[in-house]
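When you read off a place in the sequence shown, starting at 1, and then add 3, the result is the number in our numbering. Following: one structure in structure tokens, then a few remarks.
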Amino acid sequence: MNRTLRRRLGLFAATGVLVALAIWQWQHDRARRPAQLLDLEPTAVRRIDIRFAGGTAHHCERRRDRWSCTGDSTAPPDEGWLDDLAALAATPVTDWRPASAFDPRKLGLAPPAIVVRLDDHRLEYGDEAATGPFRFVRVDGARIALVPLAATPRPARQAARVAGP
Numbered sequence: 004m005n006r007t008l009r010r011r012l013g014l015f016a017a018t019g020v021l022v023a024l025a026i027w028q029w030q031h032d033r034a035r036r037p038a039q040l041l042d043l044e045p046t047a048v049r050r051i052d053i054r055f056a057g058g059t060a061h062h063c064e065r066r067r068d069r070w071s072c073t074g075d076s077t078a079p080p081d082e083g084w085l086d087d088l089a090a091l092a093a094t095p096v097t098d099w100r101p102a103s104a105f106d107p108r109k110l111g112l113a114p115p116a117i118v119v120r121l122d123d124h125r126l127e128y129g130d131e132a133a134t135g136p137f138r139f140v141r142v143d144g145a146r147i148a149l150v151p152l153a154a155t156p157r158p159a160r161q162a163a164r165v166a167g168p
């Protein structure tokens, strides 16, 4: 075997190894990509119930792509707020743990600060994590998710009251 052929075979083998490593890395990264909070598309959410600690509860349903709410308010529902709440289903999750691995009081989940029900899924929002801008969320009572703090549900904006003449 001459020198040129050995170099070409070596170059071909090195290229094959690099391609194999790139494919492995791509699959590894894809498998570790953050999961989302619920296996539910935000546009598929039909019912939202939300309760803030010390606040009133809101119960809303989507009918023909429009939200309608029941409660004390006679004002039309804030569609943007409700769409934001439905989007909680797609919140990226940094880490999952079994709920049995934690004391709920230490995570601010006994009682939770915010409870959101998206269709048949219950999300309980606890305290902020000490390790960064994350919040603990108990999902359907069985698992604890660590989600970005920015994905915390916010209260509905109150309708501005305009003083009459």
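We put the beta carbon where it would ideally sit given N, CA and C, even for glycine.
Asked: Distance, L40 Cα to A148 Cα; Found: 7 Å
Asked: When G19, R120 and D86 are compared against I53, the one with the closest alpha-carbon; Found: R120
Asked: Cα-Cα separation between P158 and F55, rounded to whole angstroms; Found: 8 Å
Asked: Cutoff 8 Å; reference A102; Cβ partners in own chain excluding five residues on either side; Found: R141, G144, A145, R146 and I147
Asked: G174, DSSP secondary structure in three states; Found: No statement about residue 174 is possible, as the shown extent of the chain runs from 4 to 168 and does not include it.
Asked: Three-state secondary structure assigned by DSSP to R6; Found: helix
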